[in-house]
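2 protein chains.
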Amino acid sequence: MTAPTQTPGDTQKSLPMALLRAREAVMARFRPVLARHGINEQQWRVIRVLAEMDTMDATELATRANILAPSLTRMIKALVEQGLIAVAKNPADARRLTLTIAPRGLALIASATPESLQVAADIDAWFGADNTAQLRHLLDRLSQFPPD
Amino acid sequence: MTAPTQTPGDTQKSLPMALLRAREAVMARFRPVLARHGINEQQWRVIRVLAEMDTMDATELATRANILAPSLTRMIKALVEQGLIAVAKNPADARRLTLTIAPRGLALIASATPESLQVAADIDAWFGADNTAQLRHLLDRLSQFPPD
DNA sequence: TTCCTATACTTAACTTGTTAACGAAAACAC
DNA sequence: GTGTTTTCGTTAACAAGTTAAGTATAGGAA
Chain E
1 MTAPTQTPGD TQKSLPMALL RAREAVMARF RPVLARHGIN EQQWRVIRVL
51 AEMDTMDATE LATRANILAP SLTRMIKALV EQGLIAVAKN PADARRLTLT
101 IAPRGLALIA SATPESLQVA ADIDAWFGAD NTAQLRHLLD RLSQFPPD
Chain G
1001 MTAPTQTPGD TQKSLPMALL RAREAVMARF RPVLARHGIN EQQWRVIRVL
1051 AEMDTMDATE LATRANILAP SLTRMIKALV EQGLIAVAKN PADARRLTLT
1101 IAPRGLALIA SATPESLQVA ADIDAWFGAD NTAQLRHLLD RLSQFPPD
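Line order of the protein sequences matches chains E and G.
Counting with our numbering, you get residues 1 to 148 for the letters of the first sequence.
Counting with our numbering, you get residues 1001 to 1148 for the letters of the second sequence.
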């Protein structure tokens, strides 16, 4: 007899937990690939986002990579030391950082991408490309849910 | 000219990032509710999972709440001090912990559940109940993706 | 100009995520 | 039964998540 007055939707039905479980199932395959290339998930997000643009402010990078500003501040130091990205001051606005992907960052992306695409292909093969597409569509829409 | 030899699926198409973004959009609404009740997301997962069963091993709890064993070890201390859960040794197997939801944990669930359900209802209203159901179905299926 | 507010990070403090290694107890050989 | 292998949980070490506060610069109002 554990049921409280208000029956909470049981945890299996919780949308946040369903998202978490699905993400974990997928990342369990991606993580070893990235580890083989000496980076973690967050660094991979950062350099990939950065590679799509020639340069970017730290704030925009944080937003696009879904990384909080304090985390990015800490990561930048390590990424620069590894030679994966480059930082410069924005001459027009002294508050801003101008971040750029470095050659070594591009090389890392080039070398990890085939394995990464293979994992994505494995997922598609198992899950069905239609399901993947539809899931992505629903996720993109849900991501627009306004924060209050 | 940033494109490497192998064009990586751009980040907008990355399934892990889409899952992350969607989860963040949803959690941005749940987090304030939980904060108002003095707990964080992970603690909320733990006590809810625990409330569904009368007692549970730490390992099973960790699995169901999607929390890694080392994290749970750390959390247990705080949860016991707050009186939300209770811990006992398993007499039949000295390795195992027997975890139970405490009265204060049930009370917390009862008091936070209405607001939590309201957020879920807001999501359904905005996203469409059909979409929510379909999304949950796809996520559940994807969660079965085998880890190698 | 001066002052007020907003923006772009940074720092700090604490919690959780992640991996690896460790200790103790159970299960399974033989 | 002794020895080996699993399983359960803990500890350790470092990175990232989260919130709040702080610093410097920019923008705008007066």
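The beta-carbon is built from N, C-alpha and C at its ideal position, and this holds for glycine as well.
For clarity, every value in this text was computed on a predicted model and none was experimentally measured.
>> With H, G and I counted as helix, E and B as strand and the rest as coil, what does DSSP make of residue 193 of chain E?
In response: Outside the displayed span of chain E (1 to 148) sits residue 193 of chain E, for which this structure offers no information.
>> Under 9 Å, CB to CB, which of the residues in the stretch 1017-1043 of chain G have a partner in chain E?
In response: Listed in sequence order: 1017, 1018, 1019, 1020, 1021, 1022, 1023, 1024, 1025, 1026, 1027, 1028, 1029, 1030, 1032, 1041.
> By the 10 Å Cβ neighbour count, where 16 or more other Cβ atoms means buried, how is residue 3 of chain E classified, buried or exposed?
Replying inline: On the first sequence, residue 3 of chain E is found 3 positions in, with the first residue counted as 1. A caution first: residue 3 of chain E carries a pLDDT of 39, below 50, which makes its placement in the model too unreliable to give a value.
> Under 8 Å Cβ-Cβ, which residues of chain G neighbour residue 132 of chain E?
Replying inline: Locating residue 132 of chain E in the first sequence gives position 132, counting from the first residue. Result: 1015.
>> Can you tell me whether residue 1075 of chain G is helix, strand or coil according to DSSP?
In response: Here residue 1075 of chain G corresponds to residue number 75 of the second sequence, with the count starting at 1. Here residue 1075 of chain G carries a helix assignment [DSSP, helix/strand/coil].
> What are the residues of the stretch 63-80 of chain E that lie near chain G, defined by any Cβ-Cβ distance shorter than 9 Å?
Replying inline: Listed in sequence order: 64, 65, 66.
>> Is it buried or exposed, residue 1016 of chain G, if we count other Cβ atoms within 10 angstroms and call 16 or more buried?
In response: Taking the first residue of the second sequence as position 1, residue 1016 of chain G is located at position 16. With 16 or more other Cβ atoms within 10 Å, it is buried.
> Could you give the distance in angstroms between the alpha-carbon of residue 93 of chain E and the alpha-carbon of residue 69 of chain E?
Replying inline: The residue labelled residue 93 of chain E in the question sits at position 93 within the first sequence. The residue labelled residue 69 of chain E in the question sits at position 69 within the first sequence. One alpha carbon belongs to residue 93 of chain E, the other to residue 69 of chain E, and they sit about 18 Å apart.
> Can the beta-carbon of residue 1030 of chain G be found less than 7 Å from the beta-carbon of residue 1119 of chain G?
Replying inline: Start at 1 with the first residue of the second sequence, and residue 1030 of chain G comes out as number 30. Start at 1 with the first residue of the second sequence, and residue 1119 of chain G comes out as number 119. Against a cut-off of 7 Å, the Cβ pair of residue 1119 of chain G and residue 1030 of chain G comes out as a contact.
> Sorted by chain position, which residues of the same chain lie with C-beta nearer than 6 Å to residue 1096 of chain G's C-beta, five sequence neighbours on each side aside?
Replying inline: Mapped onto the second sequence, residue 1096 of chain G falls at position 96. The beta carbon of residue 1096 of chain G lies closer than 6 Å to those of 1057, 1090 in the same chain, with the five residues before and after it left out.
>> Which residue wins for smallest C-alpha separation from residue 84 of chain E, given the options E:129, E:11, E:64, E:50?
In response: Translated into the one-based positions of the first sequence, residue 84 of chain E becomes position 84. For the residues E:129, E:11, E:64, E:50, the minimum Cα distance to residue 84 of chain E belongs to E:50.
> Which residue from E:140, E:143, E:132 puts its Cα closest to that of residue 1141 of chain G?
Replying inline: What you label residue 1141 of chain G is simply residue 141 of the second sequence in a count that begins at 1. Checking every option, the nearest Cα to that of residue 1141 of chain G belongs to E:132.
>> Quick check: what's the CA-CA separation for residue 19 of chain E versus residue 104 of chain E?
In response: Within the first sequence, numbered from 1, the residue matching residue 19 of chain E stands at position 19. Within the first sequence, numbered from 1, the residue matching residue 104 of chain E stands at position 104. Straight through space, the alpha carbons of residue 104 of chain E and residue 19 of chain E are spaced by roughly 33 Å.
> In three-state DSSP terms, what is residue 140 of chain E?
Replying inline: Numbered from its first residue, the first sequence carries residue 140 of chain E at position 140. In the structure shown, residue 140 of chain E adopts helical secondary structure according to DSSP, grouped into three states.
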